[in-house]
Amino acid sequence: MIRKAVIPAAGFGTRFLPATKSQPKEMLPIVDTPVIQYVVEEAVSAGITDILMVIGKGKRSIEEHFDRSFQLEAQLRAKGKETELKAMRQISELADIHFVWQKELNGLGDAVYCARHHVNDEPFVVLLGDTIMEASKPPVRQLLEVFERYQEPMVLLEKVQRERVSRYGVIDGKEIEPGLYLVKDFVEKPGIDEAPSNLAIASRYILTPEIFEYLGRTEPDKAGEIQLTDAMRMMVRQRKMYGLVLEGRRCDIGNKEGFVRTNIEFALRRPDMAENMREYIKRLAKEL
Numbered sequence: 001m002i003r004k005a006v007i008p009a010a011g012f013g014t015r016f017l018p019a020t021k022s023q024p025k026e027m028l029p030i031v032d033t034p035v036i037q038y039v040v041e042e043a044v045s046a047g048i049t050d051i052l053m054v055i056g057k058g059k060r061s062i063e064e065h066f067d068r069s070f071q072l073e074a075q076l077r078a079k080g081k082e083t084e085l086k087a088m089r090q091i092s093e094l095a096d097i098h099f100v101w102q103k104e105l106n107g108l109g110d111a112v113y114c115a116r117h118h119v120n121d122e123p124f125v126v127l128l129g130d131t132i133m134e135a136s137k138p139p140v141r142q143l144l145e146v147f148e149r150y151q152e153p154m155v156l157l158e159k160v161q162r163e164r165v166s167r168y169g170v171i172d173g174k175e176i177e178p179g180l181y182l183v184k185d186f187v188e189k190p191g192i193d194e195a196p197s198n199l200a201i202a203s204r205y206i207l208t209p210e211i212f213e214y215l216g217r218t219e220p221d222k223a224g225e226i227q228l229t230d231a232m233r234m235m236v237r238q239r240k241m242y243g244l245v246l247e248g249r250r251c252d253i254g255n256k257e258g259f260v261r262t263n264i265e266f267a268l269r270r271p272d273m274a275e276n277m278r279e280y281i282k283r284l285a286k287e288l
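If you're matching positions, the sequence shown starts at 1 in this note's numbering and goes up one per residue.
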C-alpha cells in the first residue's frame with residue numbers, strides 16, 4: 001500500500017506575475033481556497049496522509065497555511081465564529097505535512113530527487129502543486145487502484161486536442177485495456193506531426209524508488225534543468241510503466257484566462273454564490 005505523496009511546489013510562477021512576485025502560485029485562490037489545498041485534499045481523499053512538499057525561496061506562506069495560527073483561532077473564538085474556526089483547524093489537521101527545500105530551481109526532476117530521503121524505499125505518489133482536478137473518484141485513487149494490480153510505475157493521462165500536444169509531454173504506448181496503456185516512450189512537447197499520441201501527462205504520477213537512480217543520471221536540458229520525463233524515458237526501457245486516462249478533467253489554471261474561468265466555474269457550484277453569480281453573468285452578457 002502506498003503511504004506517501006510528494007508535492008513539488010518550488011517554481012516561480014512567472015506566468016502569473018505580478019501576482020506571484022510576493023506569493024507562491026500554489027497559493028493563488030480558486031474562489032477562497034488556495035490551489036495547493038485542493039491538491040492536498042485530493043491526496044487525503046485517496047487515503048494518503050504522509051505528504052512531503054518541495055518548496056523554494058518565497059514559499060514560506062505554504063508552510064504557514066498548513067500550520068496552526070493560534071492568534072487567528074483566538075480571534076475567531078472570541079467573535080463566536082465557530083464555523084470559520086473549525087475550517088481553519090481542519091486545514092492544519094488534513095495530513096502529516098513535511099517540507100524540504102529545493103535550494104536551486106533545477107527543474108521538476110530535481111524537485112522530485114529532493115524527496116529521496118523522505119520516500120526511502122517505498123513507492124510514492126507525485127502530485128504537481130499547481131494543478132487541480134475534477135473527478136467523481138479522486139485521480140490519485142484511480143491510479144492507486146491500477147497500481148495495486150500491476151505494481152509498476154504509472155502516469156495519469158489526459159486526452160488533449162491534437163493541435164495542443166506541443167504544450168505537453170505525451171506518451172507513445174499500446175492500449176491494453178480501455179483507458180490503460182503500456183508505455184513505450186515519453187516525448188516532451190512534440191510537434192503536431194511528430195507526436196506519437198494525444199495522450200498528455202496529467203500532473204499525477206506513481207513512482208517507485210528506482211526513479212532516484214535515473215534522476216541521478218539524468219543530464220540537464222538546454223535550460224539547465226533536470227526533467228522528470230527524461231528520467232522516466234530511461235526507466236521505461238528497463239521496466240514496465242503504465243499510463244491511465246483520467247476519468248474526469250484537469251482544470252486549466254496554467255494561464256491567466258484558464259485561471260479566471262476556473263474561478264467562475266467553481267463559484268457557480270457554491271450554494272452561497274451560485275445564484276448571484278448567474279445573475280451577474282446574465283447581466284454582463286447582455287451588456288456585451
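Glycine residues also receive a C-beta, built at the ideal position from the N, C-alpha and C atoms.
Remember, it's a predicted structure, so these values are computed and weren't measured experimentally.
Residue j beta carbon less than 8 Å from that of residue i
i: K25; j: D130; result: yes
i: I55; j: F16; result: no
i: L128; j: S203; result: yes
i: N263; j: I30; result: yes
i: A95; j: V40; result: yes
i: I97; j: M53; result: yes
i: M88; j: L72; result: yes
i: L268; j: R261; result: no
Status (buried if at least 16 other CB within 10 Å, exposed otherwise) for residue i
i: K240; result: exposed
i: A10; result: buried
i: P8; result: buried
i: A195; result: buried
i: A5; result: buried
i: L215; result: buried
i: Y205; result: buried
i: T208; result: buried
Closest residue to residue i among the options (Cα-Cα distance)
i: I201; options: L156, K4 and A46; result: L156
i: M154; options: R77, V140, E247 and V119; result: V140
i: D185; options: Y150, Y242 and L143; result: Y242
i: F124; options: L246, I132 and Q151; result: Q151
Residue(s) in a DSSP beta bridge with residue i
i: L157; result: I201 and V245
i: D172; result: D185
i: P29; result: P34
i: D96; result: D50
i: I206; result: V125 and M154
i: R250; result: M133
i: A305; result: The structure shown has nothing for residue 305, since the chain only spans 1 to 288.
Supposed contact pair residue j and residue i - C-beta distance, whole angstroms, cut 8 Å
i: N198; j: R250; result: So it is not a contact: roughly 14 Å between Cβ atoms.
i: S69; j: Q23; result: Contact flag wrong, Cβ pair sits at about 17 Å.
i: G173; j: L182; result: 6 Å
i: G107; j: A231; result: The Cβ separation is near 10 Å, so there is no contact.
Neighbour flag for residue i against chain C, beta carbons, 8 Å
i: L156; result: Absence of chain C from the displayed structure is noted, only one protein chain being present.
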